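Heads up, the thing below is written out as structure tokens.
Residue numbers (the numbering used here): 1 to 372.
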């Protein structure tokens, strides 16, 4: 009979007469089973937060569990309220995929009993290895959906259709400084993830994507790296994932660190999807606007004034300046840009340039400026 991971944890708890916790090799909770009411802070944290802390991981790994092929005893630590426990590595093909933990403060589990449980751990290792391979394979196919080659995208869509992901979908892009893949076991089973062009890409059901995207963002932030996240939905079919990715990438590009920005909220910033940075610079910037950008205080004033639809009172209040000071700055802005702020087209030109400029690549800005 084939058991799933939850059943393995329950069988181990019954066989060895102790509370059991099954975690992957990164100390993320996979399954657990109660046996009596014995508990300690380590077990409680693992169950409540679905993972052990880095301090616990470091402490336990000092006992050589990552390389162990058999049971390892972890002593109690009264100062931390930590009970003694037995660690049975879950291995397959000489690779450790996880750990089966059993609270055993009185060392009641004998070596013979632990040996009896090792086949269960081997089965857990096999299942973990298989799940890792399956999720990795799907991740590779997701990456193929983002290919520039239409035939590669079409083949990946056909293959992923067999996975029955359902539609519509959502596509998220998480931009970080650390391209190491996310552990897929930490995300809902319906979420597929890959790393593409240095970004983390998620493909998931469109019904309620934000909780999963926020979960992925927080996991990445645990690596002490800022995260800019962009989201596009709905994505009607797998054939549309490529376009959704391009839109989500723009949303991520314009997001602040820690923010999840939706494509629908971008407004005119959607232009970043349809034209290169140098082209946008050439189309929107003028020598006068370049002169304005050399004055940060005046640039901020212009942005605030235009964002507030030319409301002088609100602009002065937002900038915390006197109204006469604002009038003086507005005249100076007109002199620098050669754009009268009483003219709608001039205001549109200036507003568009100031809105796009912070999101344009510096090299492209300079190339666009040289070509004008």
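Where a beta carbon is used, it is the ideal one built from N, C-alpha and C, also for glycine.
Source: prediction; values computed, not measured.
Nearest to residue i by CA position, among the options, is which residue?
i           : options            : result
residue 7   : 127, 219, 50       : 127
residue 278 : 360, 192, 77, 164  : 360
residue 167 : 133, 235, 70, 210  : 235
residue 187 : 317, 218, 14, 70   : 218
residue 122 : 100, 107, 134      : 100
residue 184 : 156, 208, 131, 221 : 131
residue 341 : 233, 230, 301      : 301
residue 16  : 25, 298, 205, 112  : 112
residue 249 : 146, 39, 299       : 146
residue 57  : 110, 79, 24        : 24
residue 202 : 223, 165, 159      : 165
residue 29  : 59, 45, 38, 14     : 45
residue 72  : 79, 63, 78         : 63
residue 54  : 222, 125, 12, 31   : 222
residue 307 : 291, 323, 337, 267 : 267
For residue i, count neighbouring C-beta atoms within 10 Å of its own C-beta (all shown protein chains included) and say buried if the count is 16 or more, exposed if not.
i           : result
residue 19  : buried
residue 225 : exposed
residue 348 : exposed
residue 344 : exposed
residue 141 : buried
residue 69  : exposed
residue 36  : exposed
residue 97  : buried
residue 228 : buried
residue 327 : exposed
residue 334 : buried
residue 241 : buried
residue 162 : exposed
residue 10  : buried
residue 323 : exposed
Quick check on the DSSP output: the alpha helix (DSSP H) that includes residue i runs from which residue to which?
i           : result
residue 245 : 241-254
residue 345 : 344-356
residue 304 : 296-307
Hey, could you find the ends of the beta strand (DSSP E) residue i is sitting in?
i           : result
residue 260 : 260-262
residue 193 : 192-196
residue 172 : 169-175
residue 233 : 228-235
Less than 8 Å between the CB atoms is what I'm expecting for residue i and residue j, so what's the real figure, rounded?
i           : j           : result
residue 43  : residue 5   : About 17 Å; that fails the 8 Å criterion.
residue 204 : residue 139 : Contact doesn't hold; Cβ gap of about 13 Å is too wide.
residue 299 : residue 354 : 7 Å
residue 176 : residue 220 : 5 Å
residue 289 : residue 350 : 7 Å
Regarding residue i and the ligand NAD, is the C-beta to nearest heavy atom distance less than 8 Å?
i          : result
residue 97 : Among the components of this structure there are no ligands whatsoever, and the ligand NAD is therefore not found.
**OP:** Report yes or no: do three or more beta-carbon pairs, one from the stretch 116-123 and one from the stretch 171-187, lie closer than 8 Å?
**Re:** no
*asked:* Can you confirm whether the stretch 272-291 touches the stretch 182-198 when touching is taken to mean that 3 or more C-beta pairs between the two stretches lie within less than 8 Å?
replied: no
Practice prompt. Decide yes or no for the touch test of the stretch 252-265 against the stretch 281-295: beta carbon pairs closer than 8 Å, at least 3 of them.
Written response: no
Notebook entry, point to check: Does the pairing of the stretch 204-221 with the stretch 131-151 give three or more beta-carbon distances under 8 Å?
Noted result: no
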